[in-house]
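Each residue of the sequence shown is one higher than the one before, counting from 0 in numbering that gives the first Met the number 0.
Reviewing the structure listed below.
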Amino acid sequence: MTDILLTHSFFIHFDPKQEQAMMPYPPLGTLYAASYLESKNFSVRFFDTMLAASEEEIHTALQTHRPKLLAIYDDDFNYLNKMCLMRMREAAFGMTRIAKALGVFVVIHGSDAADHYERYLNNGADIVIIGEGEHTLFEVCDHKLRNNNDDFFDIAGVAFTRHGKIERTTKRDVLKNLDALPMPAWHLIEAKKYRDAWMKRHGYFSVNIVTTRGCPYHCNWCAKPIYGQVYNARSPENVVAEMQYILDLVQPDHFWFADDIFGLKPGWVQQFAALLKENNIAVRFKIQSRADLLLQGNTIESLAAAGCDEVWIGAESGSQKILDAMEKGITLQQIYEARRKLKQFGIKTAFFLQFGYRAETMDDIRATIHMVKKSMPDDIGISVSYPLPGTSFYEKVKSELKEKQNWIDSNDLAMMYHGTYSAAFYKRLHRYVHRIFRIHRAAEIVKKIFLFQQLPTKKDIRRILSLGLHLPGVCIDYLRLTSLAKQ
């Protein structure tokens, strides 16, 4: 019999947009929890839902391993989990019901569970962990499995039901010395499944890693249910050691640094680059960062030297008015300059864009489209403003929220409050801006080919041929947007 079966609630097949993209990453937060429990001499097994077909598959894992405790421990570093998607919530409920029918004690951890612990408890969970989870999960397991103690009042950061009443204990302090944690339990992952999925769709294999936890910035729509308004960082030495460990174990071609913001500490990126060179580690990677941070000192030059080939920036809007309303703390000039400098050092730039923020006007939307055309990033990701509990943006629009308050999946894009325009308008705008972007990208390629600045690749030819689809499509989208805006 196993002490603990660990799993998580993200199924890529339950999210059509993510299944189409097919960029699966192992649940890093879950692997941290597994390695910490193993370091405390618990026997741990793992059921990975990422590439599973349905929540029903956990039934076999439960019967095979016969655990005393099931921990549905979501990956805090996966931004899709932070979106609190309803389909994944339903999956967690489903796995809880299956486990409880077999008499297994169930512990839940994740962003959605932290925000809505009452729902998880009312759907069968015995305990919900609120906040950073490794130490809390260990204490719960120690109480329940080793001491047969059902009194959890002295464990910080949990919620549970006692005598029909939901109880919540004091807040758990976050870890400060992240280097003290054991490396994630990569040995529990079926790496071949991930490799095969990546190679089939993209021709290379990427894995995830993190260097920090939390974020100190104040973007007022960004939820922080796990770490709050703080951040802590691992040392560059510790991160490089883990990279070498993963390279030896699963041989990835690429790393995705899943930090909210990479390289927050002054001088960290420079030290990191020097250590990679010293240890003869040459591997491509992508990160998320801020335009203002990228422009500090020789950060971009150091990223290029370290092997960074892509940076995603939270550009959000081409309107300074909207950026200020979001409390982003960046300027349009910084966005343009970061894009220019990244391109200079051969690093691809991608923009996160957000439409539908409170009081956004058509002029603000046009300004964002202008920013995309003028700076011409290598990729874009578009969303609409999404109010999540715990944010000041949520408090501002709470009175306008409708019955549906979470997206079903990542392509839902429903407006949860009364935006300037309708949900139908923003869904059409999403398609329109993507088409504008693709048309301009294709036109840029044609120009370079005619000026003998580059030879066309197969991908370039596909982009040029796609103009036959996007040019008439963008005209139809524009007419429809005009009509929807009037409504």
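Even glycine gets a Cβ: it sits at the ideal position worked out from N, Cα and C.
*Under the assumption that D14 contacts D408 (Cβ atoms under 8 Å), give the Cβ distance between them as a whole number of angstroms.*
4 Å
_Secondary structure of K223, DSSP reduced to three states_ = coil
*Per DSSP, what kind of secondary structure is K39 in: helix, strand or coil?*
coil
*Could you give the residue range of the beta strand (DSSP E) that holds C307?*
C307 to E315
*Pick helix, strand or coil for I444, following the three-state DSSP scheme.*
helix
_Less than 8 Å between the beta carbons of R427 and L480, yes or no?_
yes
*Which word fits G355, buried or exposed, when buried means at least 16 other C-beta atoms lie within 10 angstroms of its C-beta?*
buried
_Cα-Cα separation, P25 to Q486_ = 44 Å
_From L177, M361, K67 and M87, residue whose alpha carbon lies closest to that of F104_ = K67
*asked:* Checking 8 Å against the spacing of the C-beta atoms, do C140 and F271 come in under that value?
replied: no
*Collapsed DSSP secondary structure at S288 in the structure displayed*: strand
*Would you tell me roughly how many angstroms separate the C-alpha atoms of E131 and M87, rounded to the nearest one?*
20 Å
*Under three-state DSSP, which class holds K164?*
strand
*Any chance the region 248-257 sits against the region 289-303, with 3 or more Cβ pairs inside 8 Å?*
no
*Simplified DSSP state of R357, which is helix, strand or coil*: coil
_Own chain residues within Cβ distance below 8 Å of S421, not counting five before or after_ = M414, L483 and Q486
*With a floor of 4 residues, list each alpha helix (DSSP H) that falls wholly inside the region 359-383, ordered by position along the chain.*
361-374
*Between the CA atoms of I444 and D459 - distance to the nearest angstrom*: 7 Å
*Where does the unbroken alpha helix (DSSP H) through T95 begin, and where does it stop?*
M85 to A100
_Contacting residues, own chain, Cβ-Cβ under 6 Å from R212 (five flanking each side not counted)_ = Y226 and N231
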